[in-house]
């Protein structure tokens, strides 16, 4: 019964913002897959995957399987430069110099949002994963 309550609540939250231009930010992980399934059931069909340029070939093959299973197209976005190229220029990402997420995840996703007129992303992020994520709201616009 608890599962059905959570599922109903999640579907209600997604449907409550369905009038906005939404896209699912699909990472290929289990939480992301659950969110993708819920979003499709709620009528959201725009999906994007961010290739960090060091994505495993098997992950890209999995993306194709998900496309076939759901009958959707998942747009793949990526940064204009390769991770290993920037590694030579900037050095490895570290706690003090956290350049990789900005370059390889956030920037391509923001460019996608502007190009596709996306107002919000649906993501599979659990609050229990970190202290920072524990403060996330259900709905946050760009």
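Numbering (the numbering used here), first residue to last: 2 to 143. All residues carry an ideal CB built from backbone N, CA and C; glycine is no exception. In this text the structure is predicted, and so the values were computed from the model without any measurement.
- Cα atoms of residue 44 and residue 23: separation of roughly 10 angstroms, rounded to the nearest angstrom.
- The beta carbon of residue 79 sits closer than 8 angstroms to those of 51, 52, 53, 54, 105 and 109, all from its chain and outside the five residues before and after it, given in chain order.
- Beta-carbon to beta-carbon, residue 41 and residue 71 are separated by about 6 angstroms, close enough to satisfy the 8 angstroms threshold.
- Ranking 29, 100 and 89 by CA distance to the CA of residue 57 puts 29 first.
- Contact between residue 21 and residue 121 holds: their C-beta atoms lie close to 6 angstroms from each other, under 8 angstroms.
- Leaving aside the five residues that flank residue 91 on each side, the residues in its chain whose CB is nearer than 8 angstroms to its CB run, in chain order, 98 and 100.
- Given a length threshold of 4 residues, each whole run of the alpha helix (DSSP H) inside the region 57 to 86 is given here in chain order: 58 to 71.
- Annotated as distal: residue 67 and residue 77, with beta-carbon spacing of 8 angstroms or more.
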